[in-house]
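Working notes, structure below.
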Amino acid sequence: MFGIPGKQTLPLNEAIGARDDIRFVVARHETAVSHQAWGYAETSGTPAATAVVPGPGDMNAMNGLKNALNDCTPLVHIAVETEPEVRGGGGIHETPPDTYDTVVKENLLVERPESTAAVVEEAIAIAETPPKGPVRIGIPKNFLTMDVPLSTPGEYNREYVEGVAEPDIDAAATLLAEATEPVLIVGGGVRAANASDSLRRLADRLEAPIVTTYKGKGVLPDDPDEYVAGTLSGSASPELLDCLATADAALAVGTDFDAVATRTWSVELPADLVHVTLDADDLGNGYDPTVGIIADAGVALSELEAALADRAVRASDGTRRATAVREATSDRLDPLRDSSPPLTSVSALESVRDAVPRDAVVSVDAGGFRVWALNVFEAAGPRSYVNPGSWATMGTGLPAGIGAQLANPGDDVVVLTGDGGLMMCIHELHTAVAENVPITVVVFTNEDYAIISDQAGRDYDLSEGEYNWSDAPISFTSLAESMGMRSERADDPAEIRSTVESATAADEPVLVEIPTDPSEPQASDWMSTE
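In terms of UniProt numbering, the sequence shown is residues 1 to 530.
Below is the structure:
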């Protein structure tokens, strides 16, 4: 459980403190609390819990709850609510419980103390039922100290759409088998369904390149012997977009086709489209499917594999098409692979990737460097690469890394963040030290909100570098050291590789600061140049 205690939560904290099977991790800001639980769940597949005080605590946590909702990430958020008899009277921290309805999968309020355990069980079941998501429980603070008989249900089932319509599978299999250049578009639903192996077999059967969304990145490793061509994003290369546009059929699975990944649905997809999703409302979102399938991604992939077993498949050269896209993307990056400080993000990210163990868990913040990382930083597996999806909130990388490390205590965990994003959660360096969480925090510093400054100077009557703070530089190594964290600075590729390698091998939290070029081009501009 992640949280920040308050007077209202102390009875709950006392109960937790009496147990040895719950670890309560004390954050330094409530915004980080829900991001920590998100990182835990994203890398483990199981939900974590959060606990905050009403009002300010709840509202600070809303950012992370919305992020988890967009990403279909399960967590259980316990908010200690205003007492029923005070509600509506302007009590301390009081907000109407329905304030939070739109940022969670479901918002439950305990109305009677006897039902508390039942509501908690219900919340866990809702969070874990696909499509998964965050569930908020409001528990009045005066209920926590009451000695009343608690009713506990036997077990809430986690039933959802089971199986898949056979006619839809048959139609999809026929369409895909007849395609000569099919492509697979893969979202986070495949990871949530633990269906990476089924995806690999289907890609092999169809000889189809795989294009991932933000949340699908890593569902198969970014390896030369895999079918992954790249990630669909604002910085996708023309070659990747052409791979989608020239395909004669597409299978989209585990994605809702959100406006961020599809550039507000301007990305061209083939007319023959099979769309697999658990949410019927996703069908027709920007793209009209030829065949729409409401099913779990894993179930649908398995059924399609079976349906294609006895069909003649026309496609070939899937790995060649994927390799051609990867190589063209890499060629575009060549001019940015310099080794003279200050480095480009491309050079810095590739140097970090060289040093980070292949099986490490990597938590990536939002920001300009992340857009580069979608093209540059190779993900190694379905739960080894954490980054926010369409919510794209900054300040997630560090707290999510803390959650990821606690979920994976035997693994190396590396946080990639920019200086802008880190300053939004800098307090959590202290949490890592206080809780002895041995993460490696790599911060790329350019002393600027560079994406914003770039557009401000280019498209508006604002100066170039409008939002930099080069006249008030920050020493992140000094900040980290002031909180008891070991810190290093690395300026060139050789230093980066040796420093990051040493940091990840250490059994303590370490920060590595890497200066990058504030005048480098933005990824979306550079990669879109014909």
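Beta carbons are placed, not taken as given, at the ideal position from N, Cα and C, and that holds for glycine.
{"Query": "Which same chain residues, not among the five before or five after Ala-322, have their C-beta less than 6 Å away from its C-beta?", "Result": "Pro-209, Tyr-227 and Ala-229"}
{"Query": "Tell me, to the nearest whole angstrom, how far the beta carbon of His-430 is from that of Arg-28; I am working on the premise that it is less than 8 Å.", "Result": "6 Å"}
{"Query": "So, with DSSP's three-state summary, where would you put Pro-182?", "Result": "strand"}
{"Query": "Which ranges does the beta strand (DSSP E) cover as unbroken runs of at least 3 residues, wholly within the region 350–421, from first to last along the chain?", "Result": "361–364 and 413–418"}
{"Query": "Closer than 7 Å by C-beta to Pro-11: which residues in its own chain qualify, once you throw out the five before and the five after it? Chain order, please.", "Result": "Leu-144 and Thr-145"}
{"Query": "The alpha helix (DSSP H) spanning Asn-194 covers which residue range?", "Result": "Neither: Asn-194 is in no alpha helix (DSSP H) and is coded neither H nor E."}
{"Query": "Out of Ile-139, Thr-102, Thr-46 and Lys-105, which one is the CA nearest neighbour of Pro-87?", "Result": "Note that residue 87 corresponds to Arg in the displayed sequence, not to Pro. With distances taken between Cα atoms, Arg-87 lies closest to Ile-139."}
{"Query": "Between Val-442 and Pro-509, is the Cβ-Cβ spacing less than 7 Å?", "Result": "no"}
{"Query": "Rank Ala-49, Ala-324 and Ser-351 by C-alpha distance to the C-alpha of Leu-336 and give the top, closest one.", "Result": "Ser-351"}
{"Query": "Buried or exposed: which applies to Gly-410, given that a residue is buried once 16 or more other Cβ atoms fall within 10 Å of its Cβ?", "Result": "exposed"}
{"Query": "How far does the beta strand (DSSP E) with Pro-64 in it reach, from first residue to last?", "Result": "Rather than Pro, the amino acid found at residue 64 in this sequence is Gly. Per DSSP, Gly-64 belongs to no beta strand (DSSP E); it is in the alpha helix (DSSP H), 56–71."}
{"Query": "Is the beta carbon of Glu-327 closer than 7 Å to that of Arg-353?", "Result": "no"}
{"Query": "Hey, out of Leu-175, Ile-514 and Val-500, whose CA is closest to Thr-344's CA?", "Result": "Ile-514"}
{"Query": "According to DSSP, simplified to helix, strand and coil, what is Ala-312?", "Result": "coil"}
{"Query": "Find the nearest neighbour of Asp-471 within the set Gly-418, Leu-406 and Asp-448, judged by alpha-carbon distance.", "Result": "Asp-448"}
{"Query": "For Met-1, which option in Ala-37, Ala-32, Gln-8 and Asp-20 has the closest C-alpha, if you only look at C-alpha atoms?", "Result": "Ala-37"}
{"Query": "Just how far apart, CA to CA, sit Ala-118 and Val-437?", "Result": "33 Å"}
{"Query": "Return helix, strand or coil for Val-86, following the three-state DSSP convention.", "Result": "coil"}
{"Query": "Considering only C-alpha positions, which residue in the set Arg-191, Asp-256, Val-183 and Ala-450 is nearest to Thr-319?", "Result": "Val-183"}
{"Query": "Pick helix, strand or coil for His-275, following the three-state DSSP scheme.", "Result": "strand"}
{"Query": "Can you tell which of Gly-254, Ala-490 and Arg-358 has the C-alpha that lies nearest to the C-alpha of Lys-132?", "Result": "Gly-254"}
{"Query": "Can you tell me which of the three DSSP states Glu-207 falls into?", "Result": "coil"}
{"Query": "Mark Ala-404 as exposed unless 16 or more other C-beta atoms lie within 10 angstroms of its C-beta, in which case mark it buried.", "Result": "buried"}
{"Query": "Would you kindly check if the distance between the Cβ of His-35 and the Cβ of Gly-64 is under 7 Å?", "Result": "yes"}
{"Query": "Could you tell me if Val-376 is buried or exposed, where buried requires 16 or more neighbouring beta carbons within 10 angstroms of its beta carbon?", "Result": "buried"}
{"Query": "Decide yes or no for the touch test of the region 163–178 against the region 123–132: beta carbon pairs closer than 8 Å, at least 3 of them.", "Result": "no"}
{"Query": "Out of curiosity, what's the CA-to-CA distance linking Asn-387 and Pro-399?", "Result": "12 Å"}
{"Query": "Where Asp-272 and Leu-244 are concerned, what is the direct C-alpha to C-alpha distance, given to the nearest angstrom?", "Result": "12 Å"}
{"Query": "Pairs of beta-carbons, one from the region 182–199 and one from the region 296–311, closer than 8 Å: are there three or more?", "Result": "yes"}
{"Query": "May I have the straight-line CA-CA distance separating Val-103 from Val-52, to the nearest angstrom?", "Result": "16 Å"}
{"Query": "Could you compute how far the alpha carbon of Ser-524 sits from the alpha carbon of Gly-17?", "Result": "49 Å"}
{"Query": "Take Ile-78 and list the residues in its own chain whose beta-carbon comes closer than 7 Å to its own, dropping the five residues that flank it on each side.", "Result": "Ala-49, Thr-50, Ala-51, Ile-137 and Ile-139"}
{"Query": "Let me confirm a value: residue 582 is counted as buried when at least 16 other C-beta atoms fall within 10 Å, else exposed. Which label applies?", "Result": "Outside the shown range of the chain, which is 1 to 530, sits residue 582, and nothing can be said about it."}
{"Query": "What does the alpha-carbon distance come out to for the pair Gly-397 and Gly-286?", "Result": "30 Å"}
{"Query": "For the beta strand (DSSP E) holding Arg-136, just list the boundary residues, first then last.", "Result": "134–140"}
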